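Engineer: For the sequence shown, this note's numbering begins at 13 and goes up steadily by one. Using N, Cα and C, we set each Cβ at its ideal position, and we do this for glycine too. Here the structure is a predicted model, which is why all the values come from computation and not from measurement.
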Amino acid sequence: MALGISLSEAASLALHSVALIANAKPGELVNVRTISRATESSGAHLAKVMQRLARSGLLQSVRGPRGGFRLARPADQITLLEVCEVMDGTLDFSGCPGGKSTCPLIECLFTGFIEQAGRQFVEYLGKKSVADFVAECGKGKLSDGSAQNNKN
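(1) My parser needs the beta strand (DSSP E) runs of 3 or more residues fully inside the segment 40-112; what are they?
(2) Give the secondary structure of S24 by DSSP, where H, G and I count as helix, E and B as strand, and everything else as coil.
(3) Below 8 Å, can you find three or more Cβ-Cβ pairs linking the segment 24-36 to the segment 88-105?
(4) Helix, strand or coil: which one does DSSP assign to S141?
(5) Given P149, which residues of its chain have a CB within under 8 Å of its CB, disregarding the five upstream and five downstream residues?
(6) Would you kindly work out how many angstroms separate the C-alpha atoms of M99 and F105, rounded to a whole number?
(7) Go ahead and pull the three-state DSSP assignment for G124.
(8) Taking 6 Å as the limit between beta carbons, can you name the residues of its chain near R49, skipping five residues before and five after?
(9) For the pair the segment 67-85 and the segment 110-129, tell me if three or more CB-CB distances fall below 8 Å.
(10) With a CB to CB cut of under 8 Å and the five nearest residues on each side skipped, what residues in its chain are close to A147?
(11) Assuming V44 contacts A59 (C-beta within less than 8 Å), just tell me the rounded distance between them.
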């Protein structure tokens, strides 16, 4: 069991997917197959992630053979925290990082540390926009150098 701060696989996939979509040309759609290849993830799992993001209002979905996804708002108006919380709910890092109800020690080794680190992490995600994420993380390019490829 890992102790500390982490995001679910779905939240990580959502962040990467939104970054790839944010880097598409204005008006262009990015489909699940393209994102699945770029993220090396299951298409079925990714489809569920994308549906949740669309239902939440962060993405717009267009059906059909030339369909796909685009951001519902500008990338600088969507925070990383919003994306994560669509997938994982409210991020809470309180309590025992080992999941115990009582500590076998007189005083917990992690007293306050995990909560403080968790608050800082949530604050960071709340201040960073998708646009910031794309700018700081390699421009959200797909491995073939394009931002999207929905002609397959």
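Structural biologist: By the coordinates alone:
(1) 71-74 and 80-83
(2) helix
(3) yes
(4) strand
(5) The sequence as given places Cys at residue 149; Pro does not occur at that position. Closer than 8 Å at the Cβ level, and outside the excluded window around C149, lie A31.
(6) 16 Å
(7) coil
(8) none
(9) no
(10) none
(11) 5 Å
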